[in-house]
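Just so you know, the protein sequences line up as chains A and B, in that order.
Quick note: the first sequence uses this note's numbering, first residue 1, plus one each step.
Quick note: the second sequence uses this note's numbering, first residue 116, plus one each step.
Below: one structure, written as structure tokens.
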Amino acid sequence: MPTRTLSAALALLALAGCDKEDPAAIEARAQTLKPASPALAEIYQRSCRTCHTVRDSGAPLTGDATAWSKRLAQGMDTLTQHAIQGIRSMPPHGLCPDCTEDDFRALIAFMSAKP
Amino acid sequence: MAKKSLTRRALLAGGVVGAGIGSVALLASNARPVKLPPPPPSGWSNWSGGQSCNPAAIAVPADEAALAELLKTGKAPFRPVGSGHSFTPLVPTDGTIVALDKLHGIVAQDDAAKTADIRAGTRLGEMSEALDAIGQSTEILPDINKQTLAGAIATSTHGTGIAFGSLSSYVDHIRLVTASGETIECGPDQETEIFNAARVNLGALGVVTQIRLRNRARLVVERNTWFEPIDQLIDRAQNLARQHRHFEFYALPFTGMGLGISNDESTAPLVAVPPTRDTGGLEDLRDLRDWLAWAPPLRRVTAKAIIAQFGPEKLTAPAYQLLSTERPIRFNEMEYHIPRDSLATCLRQVIQTLETKFPAAFFPIEARFIKEDDIWLSPFSGRPSCSIAVHVPNDEAYQPYFAAVEPIYHAVGGRPHWGKLHTLTAKELAPLYPHWEDFKRVRLALDPQGKFMTPYLQRLLG
Numbered sequence: 001m002p003t004r005t006l007s008a009a010l011a012l013l014a015l016a017g018c019d020k021e022d023p024a025a026i027e028a029r030a031q032t033l034k035p036a037s038p039a040l041a042e043i044y045q046r047s048c049r050t051c052h053t054v055r056d057s058g059a060p061l062t063g064d065a066t067a068w069s070k071r072l073a074q075g076m077d078t079l080t081q082h083a084i085q086g087i088r089s090m091p092p093h094g095l096c097p098d099c100t101e102d103d104f105r106a107l108i109a110f111m112s113a114k115p
Numbered sequence: 116m117a118k119k120s121l122t123r124r125a126l127l128a129g130g131v132v133g134a135g136i137g138s139v140a141l142l143a144s145n146a147r148p149v150k151l152p153p154p155p156p157s158g159w160s161n162w163s164g165g166q167s168c169n170p171a172a173i174a175v176p177a178d179e180a181a182l183a184e185l186l187k188t189g190k191a192p193f194r195p196v197g198s199g200h201s202f203t204p205l206v207p208t209d210g211t212i213v214a215l216d217k218l219h220g221i222v223a224q225d226d227a228a229k230t231a232d233i234r235a236g237t238r239l240g241e242m243s244e245a246l247d248a249i250g251q252s253t254e255i256l257p258d259i260n261k262q263t264l265a266g267a268i269a270t271s272t273h274g275t276g277i278a279f280g281s282l283s284s285y286v287d288h289i290r291l292v293t294a295s296g297e298t299i300e301c302g303p304d305q306e307t308e309i310f311n312a313a314r315v316n317l318g319a320l321g322v323v324t325q326i327r328l329r330n331r332a333r334l335v336v337e338r339n340t341w342f343e344p345i346d347q348l349i350d351r352a353q354n355l356a357r358q359h360r361h362f363e364f365y366a367l368p369f370t371g372m373g374l375g376i377s378n379d380e381s382t383a384p385l386v387a388v389p390p391t392r393d394t395g396g397l398e399d400l401r402d403l404r405d406w407l408a409w410a411p412p413l414r415r416v417t418a419k420a421i422i423a424q425f426g427p428e429k430l431t432a433p434a435y436q437l438l439s440t441e442r443p444i445r446f447n448e449m450e451y452h453i454p455r456d457s458l459a460t461c462l463r464q465v466i467q468t469l470e471t472k473f474p475a476a477f478f479p480i481e482a483r484f485i486k487e488d489d490i491w492l493s494p495f496s497g498r499p500s501c502s503i504a505v506h507v508p509n510d511e512a513y514q515p516y517f518a519a520v521e522p523i524y525h526a527v528g529g530r531p532h533w534g535k536l537h538t539l540t541a542k543e544l545a546p547l548y549p550h551w552e553d554f555k556r557v558r559l560a561l562d563p564q565g566k567f568m569t570p571y572l573q574r575l576l577g
């Protein structure tokens with residue numbers, strides 16, 4: 001591999017490394033975030049927050065826009081259906097039996113937004 | 116699990132590919148994926164997906180008044196639900212599921228007595244954080260913290276440690292809304308018969324709305340985990356349980372190895388808790404199964420070689436961050452509570468049964484220690500106990516495995532965890548509980564019309 005190409009590749013790798021946020025920092029930040037709406041914050045506190053602020057749960061963490069971007073690419077309708085039907089370790093309705101579709105959309109929008 | 120995960124790379128380096136069996140994966144019958152029923156469109160299913168129903172309504176009352184009105188006018192049978200972490204059909208009903216989600220948070224605290232009044236729908240994880248914020252810790256926590264406090268109390272959910280009972284044994288006061296809509300308060304000096312029944316209640320007495328827990332000052336623990344040959348670990352288990360505040364261990368099937376976990380109170384500096392290795396380790400045990408189920412000796416040698424690479428791990432953190440862990444892989448579970456001195460014999464029989472008849476099994480077998488109590492329907496009533504739990508992923512058939520293991524527990528007078536799969540009915544359960552008829556008498560007095568009774572509850576209680 002020519003030296004110049006190798007240098008460019010290394011630089012790209014370094015940049016990629018810089019872009020990658022520390023998982024512990026992402027988790028710590030997730031635990032501080034809550035929706036601005038008091039009503040939504042109450043729902044979030046007793047349901048989504050249970051798993052979406054804990055790295056080991058495997059769920060995309062609140063405020064981790066990178067982790068959410070892959071999910072958002074599927075479309076909000078799909079994500080809302082996942083919340084209603086359950087997916088992987090998340091049970092149907094994601095620990096929120098009283099959530100409406102609109103609630104789920106608002107909660108997903110909040111969790112997936114970059115703080 | 117340990118400092119390094121049993122990574123797939125490690126598996127390959129450990130000889131799976133080198134053994135020249137790269138494309139072979141023979142699975143036993145219960146490893147074949149089972150098709151889970153789709154979740155009911157407007158219904159309910161439990162966490163594992165093994166229980167589901169289409170109730171007439173799922174009600175989420177915001178307070179006791181709304182709950183009382185619901186119980187007067189709603190469609191029975193009523194079944195309270197927490198987080199749906201029970202594997203038994205305690206919740207399914209064609210009447211009304213009563214979700215406790217809106218009843219959450221700490222209501223009051225006594226800093227001197229270290230007690231807290233907690234709404235019944237508070238999940239254990241939220242509760243633990245809130246208690247930490249007021250300088251309190253529960254004495255124990257189960258290994259999952261998604262359950263609500265009411266659900267945990269209803270089923271006598273426990274942690275591990277010979278000096279510590281289940282969460283129910285730390286309950287000092289209960290508020291309960293009964294079938295008639297009446298609110299009853301009970302405690303050690305108030306409505307004592309109801310209190311003795313309500314501390315482990317199966318959701319059969321009414322809907323618990325608030326619980327006072329007897330806690331302690333904030334607890335920091337040092338957790339140590341290590342691998343050890345399972346025969347040696349079983350031999351040492353009773354001593355280890357006496358030496359440590361909390362001790363539990365896992366038998367890793369088809370490896371000849373076990374994983375010991377101790378937690379002891381500590382004043383050492385806290386460390387940041389690293390990501391769990393449990394999930395990766397579990398996936399790798401499954402990989403070992405998938406590749407080598409056909410050759411148990413090779414599976415054992417390979418596993419031992421891999422595990423030998425991993426040293427012990429030590430962490431110091433607030434207890435609630437270490438005693439409970441995440442479960443990203445959904446499963447079904449059977450757990451029985453047996454007399455403590457039956458542990459070694461019973462566990463060896465379980466391991467032998469599994470390793471001779473069920474090559475597809477890979478989930479670690481969990482053994483824990485629980486102090487005796489005096490609660491009527493507590494599985495720990497009147498005897499120091501150990502629990503042995505077996506698990507199967509929720510997309511694999513558990514019935515043959517659990518059916519083979521369950522008689523081992525019955526032979527030593529085992530009592531099932533109320534929220535975990537078992538086949539017992541009132542006929543077999545009644546002789547196991549000296550206060551069985553007392554519980555039924557209190558239940559009948561509180562719910563003479565059977566508003567909380569489903570066909571399953573009828574079979575269970577008689």
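Ideal Cβ positions, reconstructed from N, Cα and C, are used throughout, including at glycine.
Computed from a prediction, not measured in an experiment: that's the story for all the values here.
Alpha helix (DSSP H) segment containing residue i, residue limits
i        : result
B/His525 : 514-525
B/Asp232 : B/Asp232 -> not in any alpha helix (DSSP H); beta strand (DSSP E) instead, spanning 230-234.
B/Ile221 : Element bounds for B/Ile221: not the alpha helix (DSSP H) but the beta strand (DSSP E), 221-225.
B/Leu239 : 239-248
Where residue i falls, given that 16 or more other Cβ within 10 Å makes a residue buried
i        : result
B/Leu544 : buried
B/Ser167 : buried
B/Ala356 : buried
B/Lys217 : buried
B/Gly375 : buried
B/Ser496 : buried
B/Lys542 : exposed
B/Arg194 : buried
B/Gly577 : exposed
A/Leu61  : buried
B/Gly199 : buried
A/Lys70  : exposed
B/Glu184 : exposed
B/Arg556 : exposed
B/Gln436 : buried
B/Asn311 : buried
B/Gln224 : buried
6 Å CB neighbourhood of residue i in its chain, flanking five on each side removed
i        : result
B/Ile136 : Unreliable placement is indicated for B/Ile136, whose pLDDT of 33 sits below 50; the coordinate value is still reported in the next sentence. Nothing meets the Cβ criterion.
B/Arg329 : Thr230, Tyr285, Asp287
B/Ala571 : Residue 571 of chain B is actually Tyr in this sequence, not Ala. Excluding positions up to five away in sequence, the list reads Pro204.
Residue i: first and last residue of the uninterrupted beta strand (DSSP E) it sits in
i        : result
B/Ala312 : Unbroken run through B/Ala312 is the alpha helix (DSSP H), 307-313; no beta strand (DSSP E).
B/Arg483 : 480-485
B/Gln347 : Run containing B/Gln347: none in the beta strand (DSSP E); it sits in the alpha helix (DSSP H), 345-358.
B/Asp488 : Unbroken run through B/Asp488: none, as it is neither H nor E.
B/Gln325 : 322-329
B/Val175 : Run containing B/Val175: none; DSSP gives neither H nor E here.
B/Asp379 : 372-380
B/His506 : 500-508
B/Met449 : 446-454
Close-in-space but distant-in-sequence residues of the same chain around residue i (CB under 8 Å, 5 per side omitted)
i        : result
B/Thr270 : Ser201, Leu205, Val315, Leu317, His532, Trp533, Gly534
B/Ala560 : none
B/Pro344 : Gly371, Met372, Gly373
B/Val527 : Ile453, Pro454, Ser457, Thr460, Cys461
Amino acids of chain B, ordered along the chain, whose beta-carbon sits closer than 7 Å to that of residue i
i        : result
A/Ala106 : Neighbours of A/Ala106 on chain B: none; closest Cβ ~17 Å, over 7 Å.
A/Leu95  : Ser198
Neighbour list for residue i in chain A, Cβ cutoff strictly below 9 Å
i        : result
B/Arg234 : Those do not exist, as B/Arg234 stays about 10 Å from chain A at its closest Cβ, beyond 9 Å.
Spatial neighbours of residue i in its chain, beta-carbon cut-off 7 Å, leaving aside the 5 residues before and after
i       : result
A/Leu95 : Ser47, Thr50
Chain B contact residues for residue i, given Cβ-Cβ distances below 8 Å
i        : result
A/Ala189 : Summary: the structure shown does not reach residue 189 of chain A, with chain A confined to residues 1 through 115, and so no result is reported for it.
A/Asp103 : Going along chain B, no residue has its Cβ under 8 Å from A/Asp103, so there is no contact; the nearest lies around 12 Å.
Chain A contact residues for residue i, given Cβ-Cβ distances below 7 Å
i        : result
B/Lys65  : Within the shown structure, residues of chain B are numbered from 116 to 577, placing residue 65 of chain B beyond reach of any answer.
B/Gly240 : Thr50
B/Pro368 : Within 7 Å Cβ-Cβ: nothing; B/Pro368 doesn't reach chain A, min ~22 Å.
B/Thr391 : Asp56
Chain A residues whose Cβ lies nearer than 8 Å to that of residue i
i        : result
B/Ser160 : Gly86, Pro91, Pro92
B/Leu394 : In the sequence under discussion, the amino acid at residue 394 of chain B is Thr, which differs from the Leu named in the question. In chain order: Asp56, Gly58.
Beta-carbon neighbours of residue i, restricted to chain B and to distances below 9 Å
i       : result
A/Asp46 : It is worth fixing the name first, because residue 46 of chain A is Arg in this sequence and not Asp. Residues of chain B passing the Cβ test: Asp216, Lys217, His219, Gly220, Gly236, Thr237, Arg238, Glu241.
> According to a CB-to-CB cut-off of less than 7 Å, which residues of the segment 164-176 of chain B neighbour chain A?
Replying inline: Cβ contacts with chain A: Ile173, Val175.
> For the segment 186-203 of chain B, which residues have a beta carbon sitting closer than 7 Å to at least one beta carbon of chain A?
Replying inline: Under the 7 Å Cβ criterion, the segment 186-203 of chain B contributes Ser198, Gly199.
>> Using a Cβ-Cβ cutoff of 9 Å, what residues of the segment 203-229 of chain B are near chain A? List them in chain order.
In response: With the criterion set as a beta carbon lying under 9 Å from some beta carbon of chain A, the members of the segment 203-229 of chain B are Ile212, Ala214, Asp216, Lys217, His219, Gly220, in sequence order.
>> Residues of the segment 440-458 of chain B in Cβ contact with chain A at a cutoff of 9 Å, in chain order, please.
In response: Within the segment 440-458 of chain B, the residues whose Cβ lies closer than 9 Å to some Cβ of chain A are Thr440, Glu441, Arg442, Pro443, Ile444, Arg445, listed in chain order.
> Residues in the segment 55-77 of chain A with C-beta within 7 Å of chain B's C-beta atoms, listed in sequence order?
Replying inline: When C-beta distances to chain B are compared with 7 Å, the residues of the segment 55-77 of chain A below that value are Arg55, Asp56, Ser57, Gly58, in chain order.
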